[in-house]
Amino acid sequence: MPPIPTAELHLHIEGTLEPELAFALAERNGVVLPYDTQDELRVAYSFTDLQDFLDLYYALMAVLRTEDDFADLANAYLARAREQGVRHAEIFFDPQAHTERGVPIGTVIEGLSRALDAVQETHGITTRLIMCFLRDKSAESALETFESARPHLDRIAAVGLDSAEVGNPPSKFREVYARARAAGLKCVAHAGEEGPPAYVWEALDVLGVDRVDHGVRCLEDEALVARLVADQVPLTVCPLSNVRLRVVDRLEDHPLPAMLDAGLLVTVNSDDPAYFGGYVGDNYTAVRNALGLDDATLRTLARNSFRAAFLDEETRAAYLKEVEGVQESGQAGQNGG
Ligand SMILES: [Zn+2]
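The sequence shown lines up with residues 1 to 337 when you count with the UniProt record's numbering.
Encoded structure:
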């Protein structure tokens, strides 16, 4: 069976850097990596805690310097995502992780955009860019970043908030989110992954987000679940990431079924797939196997991903029809492909 058509809504482009590409870009740019071989680097990818992950993640970013590098990074992700059924991708990038190394924000945005334009042209895959602020940096730094991105806002669909959650509540970024909304951008934020349900409330009520990234800890707060269900606020859940970063001990313990049962608008995504053990299709396969989800539930997740996407209604309807085409593909002539 071909992979189910899906939208990927929680994907950090820097988290798609595979060891092969890291070495290729290091060589092209004359960057010396603290690893002698790809195998040695692969071993480093089997980190067991958040700090080891972040250390590696930021160390490898040193290889990303030119527009070509960012275009190659996005092309590599899009090729893998396409094989795994992704029809629409909303891609996070972290400008501060690059500008602080001396890479201009325009280089990042133009390089990524080149790859996104090409994949729409060649494969009809639609994309959006979401500019994220690193929440462990200051509110002033986020504001400066937003202002430096103003000449490029036509390429950006939304702003987001990522990196170390605890101690960096959404309310710290009230001002920059107000500016983003005033500029007509959509808003999302990581909340309720390692941080408490109170951070999800703040993301909703202080930042005015259209979507919550992760949000799994909402289950600890009944009133919050009721709010998220009533407003059908989408949650971008990342199952393999949750296991790798110990939000849950085992995938078998993942609250995804409970979230679906509660009526939450849940989607499945890959987060940092090069580091967390798989792309979006791998996440679908993993939850199907570990949680015993049937085909109808997998289709619900796929349908949710398009319902939650920043798409015009016509395109959304076309994608939803593709999901139904999978349902009917057993019947002759009914495959919408
Ligand atoms: Zn994330």
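Positions of the beta carbon are idealized from the N, C-alpha and C atoms, including for glycine. Treat the numbers as computed from the prediction; the structure is a model and nothing was measured.
Beta-carbon proximity of residue i to residue j, cut-off 9 Å
i, j, result
"V212", "P239", "no"
"A71", "R28", "no"
"I91", "L185", "no"
"L9", "A308", "yes"
"T145", "V86", "no"
"C187", "Y199", "no"
"R80", "Y279", "yes"
"S323", "R299", "The sequence as given places Val at residue 323; Ser does not occur at that position. Yes."
"V209", "V233", "yes"
"E220", "P197", "yes"
"R246", "D68", "no"
"Y275", "Y57", "yes"
"K137", "S163", "yes"
"L260", "L301", "yes"
"A183", "L153", "yes"
Option in the options with minimal Cα separation from residue i
i, options, result
"S305", "G281, G292 and L291", "G281"
"V206", "V119, S141, P169 and L25", "P169"
"D55", "A44, M259 and P19", "A44"
"I13", "A157, L129 and L33", "L129"
"E83", "H123, Y199, H152 and S46", "H123"
"V248", "L260, L224, R217 and V233", "R217"
"A189", "Y275, R250 and M131", "M131"
"L251", "V233, D261, G277 and L264", "G277"
"E175", "I4, E140 and Y57", "E140"
"D271", "H98, E110, A76 and H214", "H214"
With 16 other Cβ atoms within 10 Å as the buried cut-off, status of residue i
i, result
"Q96", "buried"
"A230", "exposed"
"V166", "exposed"
"R65", "buried"
"P2", "exposed"
"G330", "Here the model assigns G330 a pLDDT of 46, short of 50, so the residue's position is not dependable, and the following value carries that caveat. Its Cβ having fewer than 16 others within 10 Å, G330 is exposed."
"T236", "buried"
"P34", "exposed"
"E40", "exposed"
"V32", "exposed"
"residue 390", "Not covered by the structure: residue 390. The range shown for the chain is 1 to 337."
"D253", "exposed"
"K321", "exposed"
"R244", "buried"
"R150", "exposed"
"A157", "buried"
"R42", "exposed"
Residue i versus residue j: straight-line alpha-carbon distance, rounded
i, j, result
"T285", "H88", "19 Å"
"A332", "V326", "Any reading at A332 needs caution, since the residue's pLDDT is 37, under 50, leaving its predicted position unreliable; the model's value is listed next. In a straight line, the C-alpha of A332 is about 12 Å away from that of V326."
"Q334", "L291", "The predicted model places Q334 with a pLDDT of 37, which falls under 50 and marks its position as unreliable; any figure quoted below should be read in that light. Each residue's alpha carbon lies about 29 Å from the other."
"P22", "R303", "Per the sequence shown, the amino acid found at residue 22 is Ala instead of Pro. Taking the straight line joining both Cα atoms gives about 34 Å."
"A26", "P19", "10 Å"
"G337", "R101", "With a pLDDT of only 36 at G337, under the threshold of 50, the placement of this residue in the model should not be trusted, and no figure is reported."
"L228", "D36", "48 Å"
"L311", "Q51", "35 Å"
"residue 338", "E202", "Residue 338 lies beyond the residue range present for the chain, which begins at 1 and ends at 337; the question has no answer from this structure."
"T126", "A118", "10 Å"
"S148", "I105", "7 Å"
"D94", "F133", "6 Å"
"N242", "A191", "13 Å"
"V108", "L204", "29 Å"
"Y74", "P255", "First, the residue type needs correcting, since residue 74 is Ala and not Tyr in the sequence shown. Cα to Cα, the separation comes out at about 31 Å."
"L112", "S46", "27 Å"
"A62", "E194", "27 Å"
"R181", "Q38", "43 Å"
"L293", "F53", "30 Å"
"L78", "R179", "30 Å"
"A76", "A24", "12 Å"
"P273", "A59", "17 Å"
"R288", "A262", "19 Å"
"T297", "H98", "39 Å"
"T315", "I4", "17 Å"
heavy atom of ligand 1 below 8 Å from residue i C-beta
i, result
"H12", "yes"
"H214", "yes"
"F92", "yes"
"C238", "yes"
"S241", "yes"
"D72", "no"
"H190", "yes"
"D136", "no"
"D154", "no"
"D162", "yes"
"D272", "yes"
Min CB distance residue i to chain C below 9 Å
i, result
"V216", "The chain labelled as chain C is not found in the depicted structure, where only one protein chain is given."
Heavy atom of ligand 3 within 8 Å of residue i beta-carbon
i, result
"P95", "Absent from the structure shown: ligand 3. Ligands present: ligand 1."
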